[in-house]
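J.:
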Amino acid sequence: DAGVTQSPTHLIKTRGQQVTLRCSPKSGHDTVSWYQQALGQGPQFIFQYYEEEERQRGNFPDRFSGHQFPNYSSELNVNALLLGDSALYLCASSLAYTGRSYNEQFFGPGTRLTVL
Amino acid sequence: QKEVEQDPGPLSVPEGAIVSLNCTYSNSAFQYFMWYRQYSRKGPELLMYTYSSGNKEDGRFTAQVDKSSKYISLFIRDSQPSDSATYLCAMAWAAGNKLTFGGGTRVLVKP
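Going down the list, the protein sequences come from chains A and B.
Going by the numbering used here, the final residue of the first sequence carries number 116, and the count climbs one at a time with no gaps.
Going by the numbering used here, the final residue of the second sequence carries number 1111, and the count climbs one at a time with no gaps.
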C-alpha cells in the first residue's frame, strides 16, 4: 500500500515564476492538507481540500491556490514566487472526520522548493 | 507570540537515557495533542496523539497533557541512536481540523 506521494522531489525557480506541486493521497483517503515548512521551523498549514473544495485555509496570501481532483489527488500552485517561498512543501492525507475518533494525517516526503 | 512554543534544542543525550520534550501553547481551544518525529529529508511521522488531558503510553513513549497549564510533554525511555531526529508537537481544535505545529526540537542520542 503506497503512502502519500509527492512530485517533484526538488524544484528550483526564480523570483516571479509560478510553480505547481502535486500530491497523491494514501489509498482510501479523501482529504488532503498542504503545509509549508521553512528550514529549522515547524510546518505551517496552508489549506485543506475535501470533496474538491477548499475547506480550511491558513494565513497565506492568495498567491497560494490549490485544487483537488475527483481521484482525491491535489495540486498546490504558487504564483509570483518570492525568495521567502523557499521551503519544504508537505502534503498530508486523511479520512474526513467521522466524529468517532481522531483520523491521522499521513505526511508525504515533501517537495523542496528553492527560489533564487 | 506563537500559538505553540517548543525549545529548538539541540538536545543531546547518551544512549539509554530518558529524553524529555515539551511544548507550551496559548489557545485553550486545542483538544487534540500530537507528537510527530521527522528524520532529515523526510515527512513527519505520527508517534502518539492524546485527546484532552491525561497520560498515554505506547512502548518506550509516554505523552502527557496538562490543559490547565497549557503544557504537553513527551518522554522517550531507553533512548536509542535511531531516535535521533526532530520531534514536533502539534495541536488541533477538532479531529479533522488543521494542525498547528511547534517549531520542533532536534534530538541527538549518542552511542
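Idealized CB from N, CA, C, for every residue including glycine.
Any idea which residues DSSP pairs A/N77 with across the strands?
T.: Stepping through the first sequence from its first residue, residue 77 of chain A is reached at position 77. A/T20 and A/S65.
J.: Determine the extent of the beta strand (DSSP E) in which B/F1030 is found, giving its start and end residues.
T.: Within the second sequence, the letter at position 30 stands for residue 1030 of chain B. The continuous stretches of beta strand (DSSP E) do not include B/F1030, and DSSP gives it neither H nor E.
J.: Which class does B/P1081 belong to by DSSP, given the choice of helix, strand or coil?
T.: Translated into the one-based positions of the second sequence, residue 1081 of chain B becomes position 81. B/P1081: helix per DSSP, three-state reduction.
J.: Thinking B/V1109 and B/E1015 are a contact (beta carbons under 8 Å), I'd like their distance in whole angstroms, please.
T.: For the purposes of this step, residue 1109 of chain B is taken as the residue at position 109 of the second sequence. For the purposes of this step, residue 1015 of chain B is taken as the residue at position 15 of the second sequence. Right, the Cβ-Cβ distance comes to about 6 Å (below 8 Å), so this counts as a contact.
J.: How should A/T114 be labelled, buried or exposed, when 16 other C-beta atoms within 10 angstroms of its C-beta is the threshold for buried?
T.: The sequence position of residue 114 of chain A within the first sequence is 114, counting from 1. Classification of A/T114: exposed, given that the 10 Å Cβ count is below 16.
J.: Which partner residues does A/I46 have in the DSSP bridge list?
T.: Residue 46 of chain A sits at position 46 when you count from the first residue of the first sequence. Looking at the DSSP assignment, A/I46 forms no beta bridge with any residue, so it has no partner.
J.: Using DSSP bridges, identify the partner residues of A/H10.
T.: Reading the first sequence from its first residue, position 10 is the one you call residue 10 of chain A. A/R112.
J.: In chain B, which residues lie less than 8 Å from A/L90 when you measure between Cβ atoms?
T.: Locating residue 90 of chain A in the first sequence gives position 90, counting from the first residue. For a Cβ distance threshold of 8 Å, residue set G1043 and P1044 of chain B lies close to A/L90, ordered along the chain.
J.: Helix or strand or just coil, what does DSSP make of B/D1058?
T.: Taking the first residue of the second sequence as position 1, residue 1058 of chain B is located at position 58. Of the three classes helix, strand and coil, the one that applies to B/D1058 here is strand, per DSSP.
J.: Would you check if there are 3 or more beta carbon pairs closer than 8 Å linking the stretch 1025-1038 of chain B to the stretch 1083-1102 of chain B?
T.: Contact holds: three or more Cβ-Cβ distances are below 8 Å.
J.: Would you be able to state if there are at least three C-beta pairs under 8 Å between the stretch 13-24 of chain A and the stretch 72-80 of chain A?
T.: yes
J.: Would you kindly check if the distance between the Cβ of A/Y102 and the Cβ of B/A993 is under 7 Å?
T.: What the structure shows of chain B is the stretch from 1001 to 1111, and residue 993 of chain B is not part of that stretch, so it cannot be assessed.
J.: For a contact meaning CB atoms closer than 9 Å, what does B/G1102 contact in chain A?
T.: For the purposes of this step, residue 1102 of chain B is taken as the residue at position 102 of the second sequence. Near B/G1102 (Cβ distances below 9 Å), the residues of chain A are G42.
J.: Which chain B residues sit within Cβ distance under 9 Å of A/G84?
T.: For the purposes of this step, residue 84 of chain A is taken as the residue at position 84 of the first sequence. The contacting residues do not exist; A/G84 stays about 17 Å from chain B at best.
J.: For the stretch 1017-1047 of chain B, list every residue whose C-beta sits within 9 Å of some C-beta in chain A, in sequence order.
T.: Identification of residues in the stretch 1017-1047 of chain B having a C-beta nearer than 9 Å to some C-beta of chain A yields Y1032, M1034, Y1036, Q1038, R1041, K1042, G1043, P1044, E1045 and L1046, given in sequence order.
J.: Hey, quick one: how far does the beta strand (DSSP E) through B/K1110 stretch, first residue to last?
T.: In the second sequence, the residue the question calls residue 1110 of chain B occupies position 110. Here the beta strand (DSSP E) through B/K1110 covers T1105 to K1110.
J.: Quick one, which residues of the stretch 50-72 of chain A are near chain C if we go by CB-CB under 8 Å, in chain order?
T.: Among the chains of the structure shown, chain C does not appear; the protein chains present are A and B.
J.: Per the contact definition of three or more C-beta pairs closer than 8 Å, is the stretch 1001-1010 of chain B in contact with the stretch 65-72 of chain A?
T.: no
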